[in-house]
Amino acid sequence: MDIKALVDQAIEAREKAYAPYSEFLVGAALLCKDGTVYTGCNIENASYGATNCAERTAIFKAVSEGAGEFKAIAIVGAKQGEPLDYCPPCGICRQVMTEFCDLDEFKIILSDGDNERVYTLRDMIPYSFDNLDRG
Ligand code: THU
Numbered sequence: 006m007d008i009k010a011l012v013d014q015a016i017e018a019r020e021k022a023y024a025p026y027s028e029f030l031v032g033a034a035l036l037c038k039d040g041t042v043y044t045g046c047n048i049e050n051a052s053y054g055a056t057n058c059a060e061r062t063a064i065f066k067a068v069s070e071g072a073g074e075f076k077a078i079a080i081v082g083a084k085q086g087e088p089l090d091y092c093p094p095c096g097i098c099r100q101v102m103t104e105f106c107d108l109d110e111f112k113i114i115l116s117d118g119d120n121e122r123v124y125t126l127r128d129m130i131p132y133s134f135d136n137l138d139r140g
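Residues 6 to 140 in this note's numbering are what the sequence shown spells out, letter by letter.
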């Protein structure tokens with residue numbers, strides 16, 4: 006897996022972020038086991054609650070296209086005009102990841118633009134709820 010290339014795709018996806026309320030721009034790049042990459046950005050809404058995170062945009066794009074076998078996701082975020090910083094996924098995105106991704110195999114890659122930190126999904130969401138008891 007080329008981590009830097011995946012991070013670059015997340016950085017590119019971040020350019021599409023629609024975040025006029027928080028001005029916090031996030032990009033994500035989801036790598037499938039077959040090598041396909043689905044990207045996503047955060048998409049905010051005047052109601053605030055209807056906002057969709059970058060990670061879920063990428064995951065929902067992938068699932069809606071029929072993909073289901075995921076290897077890793079790269080995430081980058083920062084306030085508009087500020088340097089990238091490590092941007093851990095929110096709790097809702099972690100829960101959505103548990104629906105489709107293996108807790109120990111799936112990697113979450115955070116980047117500040119220069120360096121990467123790599124976690125497993127289990128690192129990010131220990132004792133996760135899984136109704137199908139696959140965990
Ligand atoms: N956001 C993401 O897209 N992903 C995260 O992991 C954390 C937060 C977005 C949601 C909102 O548009 C903005 O960042 C500020 O919370």
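Where is the CB? At the ideal position from N, CA and C, for every residue including glycine.
The model shown is predicted, which means the values in this text are computed figures rather than measured ones.
Classified as exposed, A10 has fewer than 16 neighbouring CB atoms from the shown chains inside 10 Å of its CB. G73 places its beta carbon 8 angstroms or farther from that of F29. Of the residues K112, R122, G82 and M102, the one whose Cα lies closest to the Cα of A24 is G82.
A straight line joining the alpha-carbon of C95 with that of Y43 spans about 19 angstroms. Nearest neighbour of D119 by Cα position, chosen from L126, R127, L89 and M102, turns out to be L89. The closest CA to that of N47, considering only L108, K38 and E20, is found on E20.
Closest option to E87, judged by alpha-carbon separation, among T103, D107, D117 and A63: D117. Residue side-chain check: N50 keeps its Cβ at 7 angstroms or more from all non-hydrogen atoms of the ligand THU. The alpha-carbon of M129 is positioned some 16 angstroms away from that of A33. As DSSP reads the structure, S116 sits in a beta bridge with E121.
In the displayed model, G54 falls within coil according to three-state DSSP, outside both helix and strand. In this structure, DSSP gives G45 an extended state, which the three-state scheme calls strand.
For I130, there is no enclosing alpha helix (DSSP H), since its DSSP letter is neither H nor E.
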